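Numbering (the working numbering), first residue to last: 137 to 585.
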C-alpha cells in the first residue's frame, strides 16, 4: 500500500507542477478556442491540460517500475506497456483536436486505433464470468471486439461529461478510487496477481485527476480538453478490461468442493463490478446514451454538440456552477461505492437501506432550487443574504429601479452623464494571464492576432 500511495503522490505532484507551464504554452500557441453557444464559461480559457496529465501518467509508471513490489507487475504482464502505447496515441489525437478542431469521425477513428494498439499488446478480455453458466471463454475476435467497444464507450462517456469546471476530473477520480478499493481487495485479499495491473492503473488515474483538479476547479484557469478527457477515459477503461476476465472464481476459494458454475452463480454480487464495469462511470454513460437518443430523435448527428447534458440541465433548474458539480460528484460516489460495498457484503440489509436513504437525499438536493426557503426573522443572521426577507425585498426594489432606468433611457428622458461600460480584458492572452473580466454577459473571443 505504501508503494501505491507513493506512486499516486508522484503522479499527482508531476501533474500539478506541469499544469502551470502547459497553461502558458497553450496561451502562447493560441490553443484557446472561441466561446461556443453550448459553453458555460464566459472567458476564453486555454486547453491542452491533457499534456500535464500524460506527463503524470508517464511519471507514475516510471516510478512504479523502480519500486520493489510493483516492479513485478511490469515483469509478469505487458499491460502497463500496452496502456502507455494506447495512451500515447489517444493523447496525440486529443492534442491535435484541442489545437486544430479535427473532425469528429477522425477522432472516433483515432479512438479505435488506440484501442487496437492496446489489444495488439495483450490488454484484452480473455473470458467472462456469466451467472448461471460459469466461466465462458471467448474467441480472440470476440474478446478484441468487446475490448474495443468498452474502450470507445468509456472514452466518449468521459468526454461527454466534461462540460463544467472540475466535473470530469472529479467524477473519474471518484470512480477510480472505488475501483482501486475493489481491485486491491482482489489482489491483496485473495492473492490474485492478475488484478495487480488494474490496481496500479487506478492509483495512477487518481493521481492524474487529483493533480489537475486544483487548476480546473471553478473558475478554471485551464481545461483538460479532449487530450485529457479521452486520456483518463482510456486509462479507466484499461483498468476495467485488465481485471475483467482475468480473475478465476476458483482462485478465491470461497466455496471449496463446488464447481465453477456453482461458484459463479453464488458469487454474483462479488462479480457485479466485473460483469458491469461501466457502473463505476454510470452517470457519464447515462449522459452519453441520453445525448445519442436526443440528437438522433431531433435528426442531428450523435456527435453534434448541444446544451442538453445532465450538467446543463442542473444549471437550468437553478443550481449554481459549484453546486451542480457537487451534485454530480455525489451521485457518482453513491453509485460507484454502493456497487463496491454491495459486492463485498451483499447479505447486509444496512447497505441497501443506506443506498436508498442517500438516494433520497440526492433527490432532495436535485429539487432544492424548486423550493423557496422562508426563514424566520430571528434566523436571518445565520443564513446567506439571498435567503433573507430584507435581501429579497432589496433585490426586488433593485430590479424595479433597473427597469425604470431602462424605460427612461428608451424614452430619451434620462439626464446626466452616462456611465461607461467596463472594458473587457483582452482575449486569448491577456484574459488568461491578467485579471479576469467582470463583464456578466458572454462575449466571443477574437483571433489571436
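Here a beta-carbon is modelled for each residue, glycine too, at the ideal position from N, C-alpha and C. Everything numeric in this text was worked out from a predicted model, so none of it was measured.
- Query: Would DSSP call residue 255 helix, strand or coil?
  - Reply: Correct three-state label for residue 255: helix.
- Who are the Cβ neighbours of residue 367 in its own chain at under 7 Å, not counting the five residues just before and after it? Within the same chain, residue 367 has close Cβ partners 186, 189, 190, 223, 226, 227, 230.
- Confirm, please, whether the CB-CB distance from residue 195 to residue 158 is below 7 Å. No, the Cβ-Cβ distance between residue 158 and residue 195 is not below 7 Å.
- Beta carbon of residue 334 nearer than 7 Å to that of residue 378: By the CB criterion at 7 Å, residue 334 and residue 378 fall inside the cutoff.
- Message: Distance check for residue 184 and residue 167, CA to CA, integer angstroms please.
- Response: Rounded to whole angstroms, residue 167 to residue 184 spans 7 Å at the Cα level.
- Report the rounded CA-to-CA distance for residue 317 versus residue 360, giving the unit in angstroms. If you take the alpha carbons of residue 317 and residue 360, they lie about 26 Å apart.
- Task: Determine contact between the stretch 349–359 and the stretch 302–309, defined as no fewer than three beta-carbon pairs at a distance below 8 Å.
- Result: Yes, the stretch 349–359 touches the stretch 302–309.
- Query: Taking the C-alpha atoms as reference points, what is the distance between residue 285 and residue 376?
  - Reply: When rounded, the distance between both Cα atoms is 12 Å.
- Item | residue 201: first and last residue of the uninterrupted alpha helix (DSSP H) it sits in | In the DSSP assignment, residue 201 falls within the alpha helix (DSSP H) that extends over 186–201.
- Would you identify the three-state DSSP class for residue 274, choosing helix, strand or coil? In the structure shown, residue 274 sits in coil (DSSP, three-state: anything other than H, G, I, E or B).
- Message: With the cut-off set at 7 Å, would you say residue 264 and residue 272 are in Cβ contact?
- Response: Note that the C-beta distance between residue 264 and residue 272 is below 7 Å.
- Message: The alpha helix (DSSP H) that contains residue 180, what's its start and end?
- Response: Unbroken run through residue 180: none, as it is neither H nor E.
- Item | Limits of the unbroken alpha helix (DSSP H) element including residue 333 | It spans 332–352 - the alpha helix (DSSP H) in which residue 333 sits, taken as one unbroken run.
- Task: Leaving out five residues on either side along the sequence, give the residues of the same chain with a beta carbon under 8 Å from the beta carbon of residue 88.
- Result: This structure cannot settle anything about residue 88, because the visible part of the chain is limited to 137 through 585.
- Task: Check whether the Cβ atoms of residue 139 and residue 197 sit closer than 7 Å, and answer yes or no.
- Result: In this structure, residue 139 keeps its C-beta atom at 7 Å or more from the C-beta atom of residue 197.
- Message: For a quick check, are the C-beta atoms of residue 328 and residue 182 less than 7 Å apart?
- Response: No, they are not a contact pair.
- Task: Answer yes or no: do residue 374 and residue 472 have a C-beta to C-beta separation smaller than 7 Å?
- Result: The Cβ atoms of residue 374 and residue 472 do not sit closer than 7 Å to each other.
- Straight-line Cα distance separating residue 155 from residue 148: Distance between the alpha carbons of residue 148 and residue 155: 11 Å.
- DSSP state of residue 551, grouped into three classes? Note that residue 551 has pLDDT 45, beneath the 50 cutoff, so the model's placement of it is unreliable and no number is given.
- Reference residue 243; option with closest CA among 356, 494, 145, 362: Taking only the C-alpha atoms, the option nearest residue 243 is 362.
- Backbone secondary structure at residue 527 - three-state DSSP: Because the pLDDT of residue 527 is 48, which lies under 50, any placement of that residue in the model is unreliable, and the number read from its coordinates should be weighed accordingly. For residue 527, the three-state secondary structure derived from DSSP is helix.
- Message: Quick check on this structure: which residue in 255, 214, 309 has the alpha carbon closest to the alpha carbon of residue 466?
- Response: Looking at the Cα atoms, 309 is the closest of the given residues.
- Message: Quick check on this structure: which residue in 212, 450, 298 has the alpha carbon closest to the alpha carbon of residue 504?
- Response: Checking every option, the nearest Cα to that of residue 504 belongs to 450.
- State the Cα-Cα distance for the pair residue 495 and residue 476, rounded to the nearest angstrom. About 16 Å.
- Query: To which residues does DSSP link residue 264 through a beta bridge?
  - Reply: Answer is 272, bridged to residue 264.
- Please classify residue 434: does DSSP put it in a helix, a strand, or coil? Three-state DSSP puts residue 434 in coil, outside helix and strand.
- Task: Pick out whichever of 486, 288, 276, 370 has its Cα sitting closest to the Cα of residue 218.
- Result: Nearest in C-alpha terms to residue 218, of all of 486, 288, 276, 370, is 370.
- Item | Cβ-based burial, residue 241 [other Cβ within 10 Å; buried from 16] | Classification for residue 241: exposed.
- Message: Looking at chain D, is there any beta carbon in it that lies within less than 7 Å of the beta carbon of residue 490?
- Response: This model lacks chain D altogether, as it is built from one protein chain only.
- Task: Grab me the residues of residue 126's own chain with a C-beta within less than 7 Å of its C-beta, minus the 5 sequence neighbours each way, in chain order.
- Result: The structure shown does not extend to residue 126, since the chain is modelled only from 137 to 585, so the question has no answer here.
- Message: Considering only the alpha carbon of each residue, which of 498, 468, 436, 489 lies closest to residue 312?
- Response: Sorting 498, 468, 436, 489 by C-alpha distance to the C-alpha of residue 312 places 468 at the top.
- Cβ shell of residue 602 (< 7 Å), same chain only, five flanking positions each side left out: Given a span of 137 to 585 for the chain in the structure shown, any question on residue 602 remains unanswerable.
- Can you tell me the Cα-Cα spacing of residue 246 and residue 211, whole angstroms? Approximately 29 Å, taken between the alpha carbons.
- residue 205 (DSSP reduced to helix, strand or coil): Residue 205 falls in the coil class under three-state DSSP.
- Message: Once DSSP output is grouped into helix, strand and coil, what is the label at residue 358?
- Response: Note: residue 358 maps to coil in three-state DSSP.
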